[in-house]
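**Student:**
In the working numbering, the protein residues as written are 38 to 647.
1. Among 318, 492, 396, whose alpha-carbon lies nearest the alpha-carbon of residue 550?
2. With contact counted as at least three CB pairs below 8 Å, one residue from each stretch, are the stretch 506–525 and the stretch 358–375 in contact?
3. Give me, in chain order, the residues of the same chain whose beta-carbon lies closer than 7 Å to that of residue 44; leave out the 5 immediate sequence neighbours on both sides.
4. Are residue 390 and residue 352 close, meaning C-beta to C-beta below 8 Å?
5. Assuming residue 345 and residue 502 make a contact with CB atoms under 8 Å, what is their CB distance in whole Å?
6. So, do the stretch 582–602 and the stretch 481–499 have three or more beta carbon pairs nearer to each other than 8 Å?
7. For the stretch 161–168 against the stretch 207–226, are there 3 or more C-beta pairs whose distance is under 8 Å?
8. Per DSSP, which one or two residues make a beta bridge with residue 329?
9. Buried or exposed for residue 607, please, with buried defined as at least 16 other CB atoms from any protein chain shown within 10 angstroms of its CB.
10. So, helix, strand or coil for residue 629, using DSSP?
11. Using C-beta distances below 6 Å, list every residue in its chain close to residue 343, excluding the 5 sequence neighbours before and after it, in chain order.
12. Determine, using beta carbons only, whether residue 330 and residue 490 come nearer to each other than 8 Å.
13. Quick one: does the C-beta of residue 456 sit closer than 7 Å to a heavy atom of the ligand FAD?
14. Helix or strand or just coil, what does DSSP make of residue 199?
15. Where do the N-terminal and C-terminal ends of the alpha helix (DSSP H) with residue 345 fall, by residue?
16. Can you find at least 3 beta carbon pairs, one from the stretch 196–210 and one from the stretch 149–164, that sit closer than 8 Å?
17. Helix, strand or coil for residue 365 per DSSP?
18. Would you call the stretch 310–325 in contact with the stretch 466–474, where contact means no fewer than 3 C-beta pairs closer than 8 Å?
19. Which ranges does the alpha helix (DSSP H) cover as unbroken runs of at least 4 residues, wholly within the stretch 541–617, from first to last along the chain?
20. Please list the terminal residues of the continuous alpha helix (DSSP H) segment that includes residue 480.
21. Which residues in the same chain as residue 627 place their Cβ atom closer than 6 Å to its Cβ, once the five residues preceding and following it in sequence are excluded?
22. By DSSP, does residue 388 sit in helix, in strand, or in coil?
23. By a C-beta neighbour count over all protein chains shown, 10 Å radius and 16 as the cutoff for buried, is residue 268 buried or exposed?
24. Between the Cα of residue 383 and the Cα atoms of 396, 356, 370, which residue gives the shortest distance?
25. Look at residue 538 and residue 332 and say whether their C-beta atoms are less than 8 Å apart.
26. Could you check what DSSP says for residue 395 in three-state terms: helix, strand or coil?
27. Whose CA, out of 303, 308, 335, lies closest to the CA of residue 322?
28. So the candidates are 177, 154, 225; which of them puts its Cα closest to the Cα of residue 571?
29. Just tell me which of 198, 494, 634 has its CA closest to the CA of residue 511.
30. So what's residue 337 in DSSP terms, helix, strand or just coil?
31. Could you pull the DSSP bridge partners for residue 192 from this structure?
32. Among the candidates 542, 622, 300, whose CA atom is the shortest distance from the CA of residue 399?
33. For residue 419, which residues from the same chain have a beta carbon less than 6 Å from its beta carbon, with the 5 sequence-adjacent residues on both sides left out?
34. With 16 other CB atoms within 10 Å as the buried threshold, where does residue 242 fall?
35. Where does residue 635 fall in DSSP's three states?
36. Which residues in the same chain as residue 144 place their Cβ atom closer than 6 Å to its Cβ, once the five residues preceding and following it in sequence are excluded?
In structure tokens, the structure reads:
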């Protein structure tokens with residue numbers, strides 16, 4: 038019987054040893070590299086534990102450790118691939134072949150060979166292969182891959198379309214504006230991939246912690262192995278076994294993977310919704326957001342101001358006022374300037390571009406029109422020039438009290454001439470339909486204070502703020518005054534975001550902890566410079582981003598707490614002799630599985646509109 042038992046044990050040891058050798062091929066090189074670098078890691082801990090277990094004859098448990106550690110390693114790789122695969126799936130949205138018009142006929146051509154300026158055709162139900170501008174046809178296009186919004190958007194000649202979006206029932210001909218590698222979709226995928234590789238602060242902390250944690254645990258295990266037998270009459274085999282158990286349970290697999298998988302999942306979930314976050318650091322920051330500053334034009338309003346009326350002061354007709362204003366504003370890209378020029382053209386008012394044009398940032402502009410110096414600008418600029426009398430002040434107050442912007446047009450004071458106002462142009466913008474609901478969502482998401490910062494007049498800004506429920510409104514701000522306002526918010530609340538168009542608000546956005554660009558689809562500058570770019574002009578996306586950022590932080594905190602708590606529990610069980618090698622590795626593998634599953638839940642978080 039004894040011979041039989043010895044034979045069975047020898048056979049079990051042989052099988053287990055073979056399993057250890059087979060599974061150890063991927064462990065030993067990594068452990069040896071850790072020794073050469075003098076940086077103990079997970080692989081070295083496992084190898085030491087396996088050798089220790091084999092030394093005292095626990096062959097089966099040693100083989101079990103190797104097998105289950107391999108399972109844990111596979112889980113980590115699977116989780117990483119699963120989180121990244123969701124982003125890589127975006128690559129499949131854009132067709133690889135395009136119908137290109139050449140010599141009067143449409144030919145199938147690989148998208149990489151289509152040049153900017155060529156015309157492509159997109160039939161009903163097809164994905165659009167490249168960015169471009171519609172030249173022929175009308176249709177409704179599902180832009181969800183770019184904006185996250187699946188409601189089709191009507192497209193007609195002159196409208197922009199994006200690669201990867203899905204054409205509706207109509208057929209379109211599109212003039213290509215971006216090569217295959219430079220489309221909005223390609224840039225989004227590229228930037229998301231770069232963001233996923235950037236380590237968030239929590240991840241960097243965990244990496245540093247693990248760097249010191251692993252050698253510390255190794256030293257503690259060595260003490261557990263040596264001290265009891267040398268000084269407390271303990272059995273060498275018992276305490277060697279317990280030291281091996283400690284090495285296994287101390288493996289920081291779940292701890293190390295807890296943050297990166299959560300960050301990648303969060304970034305990918307937001308990218309699916311048309312929100313491009315430039316890295317885990319920004320995702321963590323938005324999760325701690327306390328206050329939000331927003332621009333008015335293009336953020337709270339549609340950003341499509343129109344002339345509502347013209348009041349005459351010292352001009353013969355509205356056409357005279359619009360002609361002078363348009364001559365100066367034709368130099369500017371400011372939304373109000375564009376509205377003035379558009380109105381003049383709609384009324385077929387001829388004008389000649391002003392000479393000696395000078396922009397007055399945050400105020401207006403000047404130029405020589407028809408041989409005389411003129412100005413256009415806001416209430417503040419007119420007041421600074423000294424051309425406002427009591428009647429003009431009253432008129433301006435009446436217009437501003439209706440929530441409208443004013444463009445004062447007049448002769449600029451020069452060479453002893455006092456100058457004067459010739460007319461006042463009233464310009465109105467439409468509130469975004471969901472602005473009030475979006476502000477309420479932001480408050481519900483935990484934003485303590487929302488402040489509107491605008492260069493527009495204070496009365497108009499107050500009017501808009503009251504309509505949508507914004508906490509505080511500040512108008513008549515110059516760019517540097519917006520920067521100062523954001524700094525004050527940071528001092529008060531700590532973490533502050535600034536949302537604007539990504540260009541005009543660039544200084545204030547750079548001052549905030551997080552700069553959020555609205556409606557960045559197709560806008561290279563906004564996509565490249567903002568910390569967070571919303572592909573769609575939807576204020577509610579900010580609230581959605583904040584919620585998902587907070588949820589990501591909560592998942593990370595839970596994962597780290599769970600991983601460390603489990604380690605602490607098994608440390609106590611090990612010292613008391615109630616933990617075994619196989620139970621330790623099962624606990625470590627189970628912890629990794631739970632942490633990964635918890636992180637990947639972020640990919641399944643539903644949109645607030647779902």
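Where is the CB? At the ideal position from N, CA and C, for every residue including glycine.
**Tutor:** Checking against the coordinates, here is how it stands:
1. 318
2. no
3. At residue 44 the pLDDT is 40, less than 50, meaning the model places this residue with poor confidence and gives no usable figure here.
4. no
5. Their Cβ separation, rounded to whole angstroms, is 20 Å, which puts residue 345 and residue 502 out of contact at 8 Å.
6. yes
7. yes
8. 487, 534
9. Label assigned to residue 607: buried.
10. Reduced to three states, the DSSP call for residue 629 is helix.
11. 376
12. yes
13. In terms of ligand content, the structure shown is empty, and the ligand FAD therefore cannot be addressed.
14. coil
15. Element bounds for residue 345: not the alpha helix (DSSP H) but the beta strand (DSSP E), 343–349.
16. Inter-segment contact for the stretch 196–210 and the stretch 149–164 is present: three or more beta-carbon pairs are separated by less than 8 Å.
17. helix
18. no
19. List check, alpha helix (DSSP H) in window: 543–548, 561–566, 577–612.
20. 472–481
21. If we look at residue 627 and ignore the five residues flanking it on each side, it has no Cβ neighbours.
22. coil
23. exposed
24. 356
25. Yes, the pair counts as a contact, with Cβ atoms nearer than the cut-off.
26. strand
27. 303
28. 225
29. The candidate whose alpha carbon is nearest that of residue 511 is 494.
30. coil
31. 176
32. Residue 542 is the option with its Cα nearest to residue 399.
33. 425, 445
34. exposed
35. helix
36. 137
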